[in-house]
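In the working numbering, each residue's number is its place in the sequence shown (first place is 1) plus 9.
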Amino acid sequence: MLPPIELLRQQVTARLAAFERRQVPPAGGVRRAGVTVCVLEDTGHDPYVVVIRRAARGRNPGQWALPGGRADDGEQPVAAALRELAEETGITGVEVAGLLDDFVTDSGFVITPVVAFGGRQEPVPDPREVASVHEVPLEWLLAPGVPRWQGELLQMPLGPSIVIHAPTGAILWQFAEVALRGRELRVFDVAQPHWTRT
């Protein structure tokens, strides 16, 4: 059972402050990106995380993802994550609780996951980039059978016809373990399916 949202926010913020995150140092040629694990409240005040399905065209077409994208020249990953959150879902004014480990993708990006709380907002997908926005209750991240493994591949089954793989699945798994459960977990070596390498 999760605590009320304000207590949850305080717990998550404290856990992330105590977490010694793995940060990939800046280097020439490294492509940076940021994503947001954005926690909102539904009409019953139950917390959920925003997950998107990418549009059928563009980068990673049709894949499950967290709102986010590439950092512009000179832009820090946290700023990029929050900018992309606003552009892709219309969610603004969030409070950053902390960061998870940088995740190096097989496609050559270093993703910085930002955990943020945004209260009660209605996500509105930008149809140019997002096919749909989904509310994944935080309790689903903690359910039995989450995660599960298909051979060496991590799977996060998070609702009817929602199965999320790395890197997004790995980031959500670390969020569940570190931020929600208060445990130590590293996910930098989680295998990524070949279709995420575009």
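Ideal Cβ placement from N, Cα and C applies to all residues, glycine included.
Residue i - containing beta strand (DSSP E), residue span
i: E144; result: V139 to P146
i: I120; result: F118 to F126
i: A106; result: E104 to L108
i: W158; result: R157 to Q159
i: M165; result: L162 to P166
Inter-residue Cα distance where the pair is residue i and residue j
i: W204; j: R18; result: 34 Å
i: A42; j: V124; result: 14 Å
i: L11; j: D55; result: 9 Å
i: E50; j: L91; result: 18 Å
i: A185; j: P34; result: 25 Å
i: P134; j: D82; result: 25 Å
i: A23; j: S116; result: 32 Å
i: A36; j: E84; result: 14 Å
i: M165; j: E138; result: 23 Å
i: V145; j: P76; result: 13 Å
i: Q20; j: T121; result: 21 Å
i: P202; j: H174; result: 7 Å
i: H143; j: I100; result: 13 Å
i: Q32; j: P169; result: 34 Å
i: E29; j: R195; result: 11 Å
i: G127; j: Y57; result: 10 Å
i: V61; j: P136; result: Checking the sequence, you will find Ile at residue 61 rather than Val. Going by the C-alpha atoms only, they are around 11 Å apart.
Buried versus exposed, by CB contacts within 10 Å (16 or more), residue i
i: L163; result: buried
i: F197; result: exposed
i: P153; result: exposed
i: G78; result: buried
i: V172; result: exposed
i: G107; result: buried
i: W158; result: exposed
i: A27; result: exposed
i: T98; result: buried
i: P86; result: buried
i: E193; result: exposed
i: P156; result: buried
Residue interval of the alpha helix (DSSP H) (run including residue i)
i: Q19; result: I14 to A27
i: R92; result: P86 to T98
i: W182; result: T177 to Q183
Within 8 Å, strictly: CB atoms of residue i and residue j
i: V59; j: P132; result: yes
i: C47; j: V105; result: no
i: V119; j: V39; result: yes
i: W182; j: L167; result: no
i: A140; j: A64; result: yes
i: A188; j: L25; result: yes
i: I180; j: L109; result: yes
i: A89; j: A95; result: no
8 Å Cβ cutoff, residue i in contact with chain C
i: P86; result: The question asks about chain C, but that chain is absent: this structure has only one protein chain.
For a minimum of 3 consecutive residues, which ranges assigned as the beta strand (DSSP E) are wholly contained in the stretch 31-78?
Complete beta strand (DSSP E) runs here, min 3: 40-50 and 56-63.
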